[in-house]
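Let me begin by presenting the structure, written as structure tokens, before commenting on it.
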Amino acid sequence: MSDETEVLSLALPPGQLLDEMTLAERFDMSRSPVREALIRLGADGLVVTLSNRSTIVAPIEVATFPIYVEALDIAQRMNTRLAAALRTEADLKIITRRLKSFEAAARQAITSPCRKPTRSSTWQSHMPENQYLASFYEKLLSQGQRMLHLHFEYLERTHEGYLLTDEHTLMLDAIREKNVDLADELAHAHTRQFQDIFINFMRENYTTDVALGPLRAAE
Numbered sequence: 001m002s003d004e005t006e007v008l009s010l011a012l013p014p015g016q017l018l019d020e021m022t023l024a025e026r027f028d029m030s031r032s033p034v035r036e037a038l039i040r041l042g043a044d045g046l047v048v049t050l051s052n053r054s055t056i057v058a059p060i061e062v063a064t065f066p067i068y069v070e071a072l073d074i075a076q077r078m079n080t081r082l083a084a085a086l087r088t089e090a091d092l093k094i095i096t097r098r099l100k101s102f103e104a105a106a107r108q109a110i111t112s113p114c115r116k117p118t119r120s121s122t123w124q125s126h127m128p129e130n131q132y133l134a135s136f137y138e139k140l141l142s143q144g145q146r147m148l149h150l151h152f153e154y155l156e157r158t159h160e161g162y163l164l165t166d167e168h169t170l171m172l173d174a175i176r177e178k179n180v181d182l183a184d185e186l187a188h189a190h191t192r193q194f195q196d197i198f199i200n201f202m203r204e205n206y207t208t209d210v211a212l213g214p215l216r217a218a219e
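According to UniProt numbering, the sequence shown is numbered sequentially starting from 1.
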């Protein structure tokens, strides 16, 4: 397990101090690959460098979740619409291959608690016509990887809802048929499903079935 995996799986919690030397000793490697990994994580917004030059695991900004989902929804819809409108047969083959890779990662996530897909729906973002939109979309997905981890963990534990992969076949079919409006509708529903599951996770109450004594102080 690498430092990147531990950040994404929340084994290294938000706010955890990341020291190059300690991490190098822990993973039995030189400091150079550790430094490179921290640079990659910083580019994805998953670690932050403080004013004193210390590096910590970035906090999960729950307060900004609504506007994050809003941006994700717009990016996902635009990329999916673009894929449906402009895809070529060569694009379709690449998109299909990426989807299969993601779904394989999702199946591994179900059977192994340490294996989680590192990205969400980037499979449909391969559109050379506008790499700016694709890059923006992938950046948002990178920033949300830890929330995706919580999404899968919640589904594994509660068996509520369904995996994000369940709608992918319909989205791929819409792209294949160049049905732009249907692709847009499915992409929007896809984002809302992720949002709903994460909100359910935040609402979890672990004391629902616990019998507590009377609150005499409140009487």
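Even for Gly, the Cβ is constructed at its ideal location relative to N, Cα and C.
Cβ-based burial, residue i [other Cβ within 10 Å; buried from 16]
i: SER112; result: Its pLDDT being 49, under 50, SER112 is placed unreliably in this model, and the coordinates cannot settle the point.
i: SER30; result: exposed
i: ALA43; result: exposed
i: THR88; result: exposed
i: ASN79; result: buried
i: VAL62; result: exposed
i: LEU99; result: buried
i: ALA90; result: exposed
i: ILE67; result: exposed
As assigned by DSSP and simplified to three states, the class of residue i
i: LEU17; result: strand
i: ASN130; result: coil
i: LEU170; result: helix
i: ARG87; result: coil
i: GLU61; result: coil
i: ALA11; result: coil
i: PHE102; result: helix
i: GLU177; result: coil
i: THR5; result: helix
i: ASP28; result: coil
Host alpha helix (DSSP H) of residue i (start-end)
i: VAL180; result: 180-202
i: ILE56; result: ILE56 -> not in any alpha helix (DSSP H); beta strand (DSSP E) instead, spanning 55-57.
i: GLY42; result: 31-43
i: PHE152; result: 145-158
Beta bridge counterpart(s) of residue i as assigned by DSSP
i: THR49; result: THR55
Proximity below 8 Å, CB of residue i to CB of residue j
i: LEU10; j: HIS149; result: yes
i: ALA85; j: ILE95; result: no
i: LEU155; j: ILE197; result: yes
i: ALA58; j: VAL69; result: no
i: ARG35; j: GLU20; result: yes
i: THR22; j: LEU38; result: no
i: VAL180; j: ARG26; result: no
i: THR191; j: GLN76; result: yes
i: ARG157; j: LEU8; result: no
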